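*Asks:* Structure provided below as structure tokens; questions to follow.
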Amino acid sequence: HAKNCGKNNAKLYSSSLTMQIMSHVKLEVGLRRALQNHELYLLYQPQIDVPSGQIVGVEALVRWRHPERGIISPTEFIPLAEETGLIVPIGEWVLRTACAQARSWADMGPQPVRMAVNLSAKQFKDDNLTQVVLTALQETGLAPGLLELELTEGTLMDDARATMITLDQLRGIGVYLSIDDFGTGYSSMNYLKRFDVRALKIDKSFISGLPQDSENAAITRAIIAMAHGLKMAVVAEGVETDEQLVMLEHYGCDLAQGYYLGHPSPPESITLMLRNQYALASPATL
Ligand code: C2E
Ligand code: MG
Ligand code: MG
Ligand code: MG
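For any residue, its number in UniProt numbering is found by taking its place in the sequence shown, counting from 1, and adding 418.
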């Protein structure tokens, strides 16, 4: 303790490092309470079928409304949740909430949208994962094929044997599996083939320079060609301009997601978008 360390050390203790540690601990205490205090909520970002322009999916993105600090980004608190193991109950809440929302949207119209949920490495390694997924599906009545689980290369490459077993179990349930932030991690082509997931999400860092950046353009084209060769779908993340969308369409990219197509939005906004989409589609189906 600072008291026993003398004057100079006491000064050291009140350094910015101490402040950082204290705010980290405070944040952790807060995160423990966030779930029970209903401070977490989900936004949903539309995923567009590039050829038709229709919303065919949404990605659930968690937010934390902190009582003092305001809204905290998942890039800040998900790593903390991982460190502390809180990601397991938080992830379970995200899954259940997202599945319930997807079920209610599926009941709205003829072409139900898929719900993508991010899984972190700790969740993927949790022994109860398949049970948690099954329970979320059963409790909400959501068709397994309408739930997409997004995994990163880092999560998948960590322990190849365990990964294959878990992937098999999830495929057995019938959920749709995809690799998030593709191209930023480390995965061998050999494993990519064996993982046998349904879709790759091209990381937004490759999309952001398009259409000018010819190297990112080459990478994007190569990922699309490879994915299609392996019978996978491709989603472009971080599409911010019309020029990017036109280029991606030209390259044959299947789905797109980004601020140009829709920001992460509260559920009511997505409900309105879907209602419009179904209203426009209905004359043809009558
Ligand atoms: P991600 O899964 O790759 O999600 C995409 C991120 O890109 C989101 O950030 C989204 O808001 C942002 N984004 C979407 N369109 C654009 C765009 O056009 N331009 C730019 N610059 N960014 C765009 P967000 O919501 O801050 O989430 C950050 C990350 O936190 C996610 O990256 C994901 O890895 C993690 N995350 C979010 N929600 C959850 C969750 O429920 N569980 C877990 N385990 N991780 C989550
Ligand atoms: Mg994601
Ligand atoms: Mg991610
Ligand atoms: Mg991503």
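Glycine is no exception: its CB is placed at the ideal position from the N, C-alpha and C atoms.
Predicted model only: the values in this text are computed from it and were never measured.
Report all residues for which the CB-ligand distance to some heavy atom of ligand 4 is below 7 Å; order them along the chain.
*Replies:* Asp598, Asp599, Lys619, Asp621, Lys622, Glu655
*Asks:* Mind reading off the beta-carbon distance from Tyr462 to Arg483? Whole number of angstroms is fine, and I expect it under 8 Å.
*Replies:* That pair is no contact at about 16 Å.
*Asks:* Asp577: which of Ile620, Ser605, Pro507, Ala524 sits nearest, CA to CA?
*Replies:* Looking from the CA of Asp577, the closest CA among Ile620, Ser605, Pro507, Ala524 belongs to Ser605.
*Asks:* Within 10 Å of its beta-carbon, does Arg693 have 16 or more other beta-carbons around it, so buried, or fewer, so exposed?
*Replies:* Using a 10 angstroms sphere on the CB of Arg693, the tally of other CB atoms stays under 16, which defines it as exposed.
*Asks:* Do Tyr594 and ligand 1 come close, with the Cβ less than 7 Å from some heavy atom?
*Replies:* Set against 7 Å, the gap from the CB of Tyr594 to the closest heavy atom of ligand 1 is not smaller.
*Asks:* I need the DSSP call for Gln541, collapsed to helix, strand or coil.
*Replies:* helix
*Asks:* Excluding the five sequence neighbours on either side, which residues of its own chain have a C-beta within less than 7 Å of the C-beta of Gln438, listed in chain order?
*Replies:* If we look at Gln438 and ignore the five residues flanking it on each side, it has no Cβ neighbours.
*Asks:* Whose C-beta lies closer than 7 Å to the C-beta of Thr515 among residues of the same chain, with five residues either side of it excluded?
*Replies:* Leu460
*Asks:* Applying the 10 Å Cβ sphere with the 16-neighbour rule, what's the burial state of Arg532?
*Replies:* The residue is buried, with at least 16 neighbouring Cβ atoms inside 10 Å.
*Asks:* Can we count Glu457 as close to ligand 2, meaning its CB is less than 7 Å from some heavy atom?
*Replies:* In this structure, ligand 2 has no non-hydrogen atom nearer than 7 Å to the beta-carbon of Glu457.
*Asks:* Classify Met437 as helix, strand or coil using the three-state DSSP reduction.
*Replies:* helix
*Asks:* Indicate the three-state DSSP secondary structure (helix, strand or coil) for Ala640 in the structure shown.
*Replies:* If DSSP states are grouped into helix, strand and coil, Ala640 belongs with the helices.
*Asks:* With a CB to CB cut of under 7 Å and the five nearest residues on each side skipped, what residues in its chain are close to Leu453?
*Replies:* Pro507, Ile508, Trp511
*Asks:* Keeping to the same chain, check which residues put their C-beta closer than 6 Å to that of Thr558; ignore five residues upstream and five downstream.
*Replies:* Here the set comprises Cys517, Ala518, Arg521.
*Asks:* Please report the straight-line C-alpha distance between Pro464 and Lys444, rounded to a whole angstrom.
*Replies:* 34 Å
*Asks:* Does the Cβ of Glu568 lie closer than 7 Å to at least one heavy atom of ligand 2?
*Replies:* yes
*Asks:* Beta carbon of Thr493: closer than 7 Å to some heavy atom of ligand 1?
*Replies:* yes
*Asks:* Cβ-heavy atom distance between Arg477 and ligand 2 below 7 Å?
*Replies:* Contrary to the premise, residue 477 reads as Glu rather than Arg in this sequence. Yes, the Cβ of Glu477 comes within 7 Å of a heavy atom of ligand 2.
*Asks:* With a cut-off of 8 Å, do at least 3 Cβ pairs link the region 565–573 to the region 525–540?
*Replies:* Yes, the region 565–573 touches the region 525–540.
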